[in-house]
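Engineer: Counting from 5, one number per residue, gives the positions in the sequence shown under this note's numbering.
C-beta atoms are modelled at their ideal positions from N, C-alpha and C, and glycine is treated no differently.
Nothing here was measured: the structure is a model prediction, and the numbers come from that model.
Shown below is the structure under consideration.
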Amino acid sequence: MSISSVKRMASQITGAGISRIKFDNSRIEEIAKAVTKDDVRALIKQKAIIVEKKKGVSRAIGRIHDEERRKGRAHRTARRRGTHSARAGGKKEWINRIRAQRELIRSFKKRGMFISNKAYREVYLKIKGGVFPDKARVLLYLNEKGYLKKPEKVQNQS
5 MSISSVKRMA
15 SQITGAGISR
25 IKFDNSRIEE
35 IAKAVTKDDV
45 RALIKQKAII
55 VEKKKGVSRA
65 IGRIHDEERR
75 KGRAHRTARR
85 RGTHSARAGG
95 KKEWINRIRA
105 QRELIRSFKK
115 RGMFISNKAY
125 REVYLKIKGG
135 VFPDKARVLL
145 YLNEKGYLKK
155 PEKVQNQS
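This is the structure we're talking about:
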């Protein structure tokens, strides 16, 4: 059988491309005599037909860059694509904003600055509903509605 046919059969058997199939030059005559796929399998086992390894892209430079990024390099403005909010991720941005607003009203409640629990719940639910874009708007709303009272000063007893 022709050598190209043997090469094609070896390619089918191994699942490698034809260009990766190589022959041992000292055993070319033996390879040319192979007729069946079983003959070709036997030659592959005897290392007369060799399958070259795939050539991949080296990760060496990539690993170096990854290590540098872990150290905080390559994060400057020149490397950035997309707006700040696009980079932060919408959900993460939302979570951070809601947490900050809730912490603000919680601190007022702890200090006894809310006029009532009902007012606190109302503001809490408005925050949950996404009414306020930031903490400043929450403060503005609290002052407009008159929900905050001045904290009582503790008098020193001396």
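With DSSP as the reference, please indicate the residues paired to residue 118 in a beta bridge.
Structural biologist: Counting from 1 along the sequence shown, the entry for residue 118 is found at position 114. Looking at the DSSP assignment, residue 118 forms a beta bridge with 152.
Engineer: Within 10 angstroms of the Cβ of residue 119, are there 16 or more other Cβ atoms? Answer buried if so, exposed if not.
Structural biologist: Within the sequence shown, residue 119 is the residue found at index 115, counting from 1. The residue is exposed, with fewer than 16 neighbouring Cβ atoms inside 10 Å.
Engineer: For residue 132, which of helix, strand or coil comes out of DSSP?
Structural biologist: Residue 132 sits at position 128 when you count from the first residue of the sequence shown. If DSSP states are grouped into helix, strand and coil, residue 132 belongs with the helices.
Engineer: According to DSSP, is residue 26 part of a helix, a strand, or is it coil?
Structural biologist: As a working mapping, residue 26 is identified with position 22 in the sequence shown. Three-state result, residue 26: strand.
Engineer: By how many angstroms is the C-alpha of residue 16 removed from the C-alpha of residue 88?
Structural biologist: Residue mapping note: residue 88 aligns to position 84 of the sequence shown, counting from 1. Residue mapping note: residue 16 aligns to position 12 of the sequence shown, counting from 1. Roughly 51 Å between the two C-alpha positions.
Engineer: What does a CB cutoff of less than 6 Å around residue 54 pick up in its chain, not counting 5 residues either side in sequence?
Structural biologist: As a first step, residue 54 must be located in the sequence shown, where it is residue number 50. Correct list, in chain order: 26.
Engineer: Any idea if residue 96 is buried or exposed, counting beta-carbon neighbours within 10 angstroms, 16 or more meaning buried?
Structural biologist: The residue labelled residue 96 in the question sits at position 92 within the sequence shown. It is exposed - the Cβ of residue 96 has fewer than 16 other Cβ atoms within 10 Å.
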